[in-house]
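Asks: In this text, residue positions in the sequence shown follow the numbering used here: the first is 2, and each later residue adds one.
The structure that follows is given in the form of structure tokens.
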Amino acid sequence: MEVQQLNKSQSDWLEDEAFFTALRAREYQRLDHPLHQVYFDYTGGNLYPASLVEKHCEMMLQGVFGNPHSINPTSAKATEMVEAARAKVLSFFNASDYYCVFTQNASGALKIVGESYPFGADTPFVLLSDNHNSVNGIREFCQQKGGNTHYVPVRHEDLRIDETVLKTALEEHAGKGNRLFAMPAQSNVSGVKHGLEWIAYAQEKGFDVLLDAAAFVPTSRLDLKQVQPEFVSLSFYKIFGYPTGLGCLLIKKTAFEKLCKPWFAGGTVDVASVCYPFHTLEEGHERFEDGTINYLNIPALKWGLEFIESIGIERIQKRINQLTAYLLHHLSTLKHKNGTPVLQILGPKDTQQRGGTIIMTFHREDGSMILFEDIEKAAVQKGISLRTGCFCNPGLDEINSQISGADLEAFYRSKNFKVQYHEMLYYKDKVRGATRISVGIATVEKDIQVLLDFIRHYFQL
Ligand SMILES: Cc1ncc(COP(=O)(O)O)c(C=O)c1O
């Protein structure tokens, strides 16, 4: 949808406003009464529906649950509920070819891949420069084992993959043997959906693929029969807000034996002995679930996913697309008295292949940039939750700020490699970072009006 070409009334923009306003009143009323919060950080964390918390509370107050994996009744009940949640996760993602390993969050899932992937001398690890730090950090495991990390930059103009550049990188490192390609299904900063067709493309070149789906799955369908990356990471609080502290790693069964767990722990071994040091690891998901799992919270995942299904992920996706189009359109109309734009949107300015995350920088009439910290402080005064900075994705910020590896090396050297966050932000007199606004399931039109009024007021438009 081309944002600029549309000339619609508000109800045409947001076709499903009545449904989502009713949903907000039912499940997210606390935003309005008594709290009066205007929430624009769904990419940071989703909001939980009241009914999910109530259901979980009822389970806790009426049940008795013991540590799973024993036949005693309280343990058996806990096991049954955990396994029901696991089955739900697998069916939600149409993932019968996968194991579902529960983790603390997406980062925990990524760490399992990092520490267990059989990197060795010269193993290539290819990844987009647009990745969360929890993916970037895998390069440390790769390098410790003698592997080589290769970043593939996204384009400066729209923050999307440059097909030629990515194809060249994958071809250059193609071959047999271990090689890993990591990409986010959706950028946590620009909202760009990077195109799941790259999974099969990289696999044809011999790569195992790690798909970081954390920012994608809250508002898009991931069907693991349609695409089959070897590894998928996600956090559940980003999909339905509650409970925090749970994510999962989906491991394609055919790639399971490729991961070499570097240690063993309670719950992960079938046999372990002490006076003769020997152990054998469990066969399925248990191999990677160290110690006691979060057995009181995991059952809530089933109801969280059922809540999403009760609305329909396609309906959510369409809604997010419309909210994003509406927001992009109105943001683009904000101009200073001299006609210069108040803000610059970084990345795509339309709603093609993107989610509901938008980043921008704010500017004075003379074009100079306003510190994002000032914007955030002013937003706080109005009860608006938005996010600013570099969003744990330094690669994308380096592209936006047009900073090269050589620039950074010179800078780090000049500081004797002792650099703090704020020094990075004001690197070479250039202000880095941006403001991120993300919409979600509980966003309604009046939130967007509050945001627009805030900007108009701030700039005295
Ligand atoms: C794309 C992406 N990957 C990974 C993560 C890390 O998720 P968590 O902090 O839940 O481990 C995030 C969090 O914002 C993310 O957006």
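From the three backbone atoms N, C-alpha and C, an ideal C-beta is built for every residue, glycine too.
Note that this is a predicted model, so its numbers are computed, not measured.
1. Applying the 10 Å Cβ sphere with the 16-neighbour rule, what's the burial state of Val166?
2. Can you list, in chain order, the residues of its chain whose CB lies under 7 Å from that of Arg140, leaving out five sequence neighbours each side?
3. Based on the DSSP output, what are the partners of Pro342 in its beta bridges?
4. Skipping 5 residues on each side, what residues in its chain have a beta carbon closer than 6 Å to that of Pro263?
5. Can you give the beta carbon distance from Ser191 to Gly348, rounded, assuming they're within the 8 Å contact cut?
6. What number of angstroms, rounded off, separates the C-alpha of Gln6 from the C-alpha of Ile252?
7. Is Ser108 near ligand 1, with its Cβ less than 8 Å from a heavy atom?
8. Where do the ends of the alpha helix (DSSP H) carrying Ile312 lie?
9. Entirely within the segment 228 to 291 and at least 3 residues each: give me those beta strand (DSSP E) ranges in chain order.
10. Confirm the yes/no value for this check: CB of Gln187, any heavy atom of ligand 1, distance under 8 Å.
11. Can Phe237 and Pro230 be called in contact, C-beta distance under 9 Å?
12. Select from Asn106, Ser439, Asp224 and Ala380 the residue whose C-alpha is nearest the C-alpha of Leu91.
13. My output table needs one value for Asn149: the three-state DSSP class, helix, strand or coil.
14. Evaluate contact between the segment 285 to 297 and the segment 47 to 54, counting only Cβ atoms and requiring at least three cross-stretch pairs below 8 Å.
15. Looking at C-beta atoms only, is the number of pairs between the segment 306 to 323 and the segment 333 to 350 that lie closer than 8 Å three or more?
16. Measure how close the beta-carbons of Phe93 and Leu306 come, nearest whole angstrom, since I'm counting them as under 8 Å.
17. Determine the burial state of Cys391: buried for a count of at least 16 other Cβ atoms within 10 Å of its Cβ, exposed for fewer.
18. Considering Pro74, what are the terminal residues of the alpha helix (DSSP H) in which it resides?
19. Could you tell me the boundaries of the beta strand (DSSP E) in which Arg388 lies?
20. Compare the C-alpha of Thr325 against each of Ile346, Glu310, Gly340 and Thr341 and name the closest.
21. Along the alpha helix (DSSP H) that carries Arg25, what are the first and last residues, could you check?
22. Could you check whether the Cβ of Asp398 sits closer than 8 Å to any heavy atom belonging to ligand 1?
23. Is Ala215 near ligand 1 - that is, is its Cβ less than 8 Å away from at least one heavy atom of it?
24. Could you please give me the residues that DSSP links to Cys101 through a beta bridge?
25. Among Ala86, Asp33, Asp98 and Lys9, which one has its Cα closest to the Cα of Ile294?
26. Restricting to Cα atoms, I'd like to know which of Pro219, Asn298 and His331 is closest to Thr48.
27. Which one or two residues does DSSP pair with Pro349 in a beta bridge?
28. If we require 4 or more residues per run, which alpha helix (DSSP H) segments fall completely within the segment 30 to 54?
29. Which residues in the same chain as Gly242 place their Cβ atom closer than 6 Å to its Cβ, once the five residues preceding and following it in sequence are excluded?
30. Buried or exposed for Lys194, please, with buried defined as at least 16 other CB atoms from any protein chain shown within 10 angstroms of its CB.
31. If contacts are defined as beta-carbon pairs under 8 Å, then Asn394 and Asn132 qualify, I think. What distance do you get, rounded to the angstrom?
32. Counting C-beta neighbours from all protein chains within 10 Å, is the total for Ala96 16 or more, i.e. buried, or is it exposed?
33. Cβ of Gly248 within 8 Å of any heavy atom in ligand 1?
34. List the DSSP bridge partners of Ala183.
35. Should Ser108 be labelled buried (16 or more other beta-carbon atoms within 10 Å of its own) or exposed?
36. If I follow the unbroken alpha helix (DSSP H) through Ile162, where does it start and stop?
Replies: Inspection of the coordinates gives the following:
1. exposed
2. Phe126 and Thr150
3. Lys336
4. Glu116
5. 3 Å
6. Low confidence applies to Gln6: its pLDDT is 47, below 50, so where it sits in the model is not reliable, and the reading given next is rough at best. Straight-line Cα distance between these residues: approximately 43 Å.
7. yes
8. Ile299 to Ile312
9. 232 to 236, 248 to 253, 270 to 274 and 279 to 282
10. yes
11. no
12. Asp224
13. strand
14. no
15. no
16. 5 Å
17. buried
18. Pro74 to Phe93
19. Arg388 to Gly390
20. Ile346
21. Glu18 to Glu28
22. no
23. yes
24. Leu251
25. Ala86
26. First, the residue type needs correcting, since residue 48 is Leu and not Thr in the sequence shown. Of Pro219, Asn298 and His331, the residue nearest in Cα terms is Pro219.
27. According to DSSP, Pro349 bridges with nothing at all.
28. none
29. Asn47, Leu48 and Tyr49
30. buried
31. 7 Å
32. buried
33. yes
34. Leu128 and Leu211
35. buried
36. Note, Ile162: premise wrong, no alpha helix (DSSP H); not H, not E.
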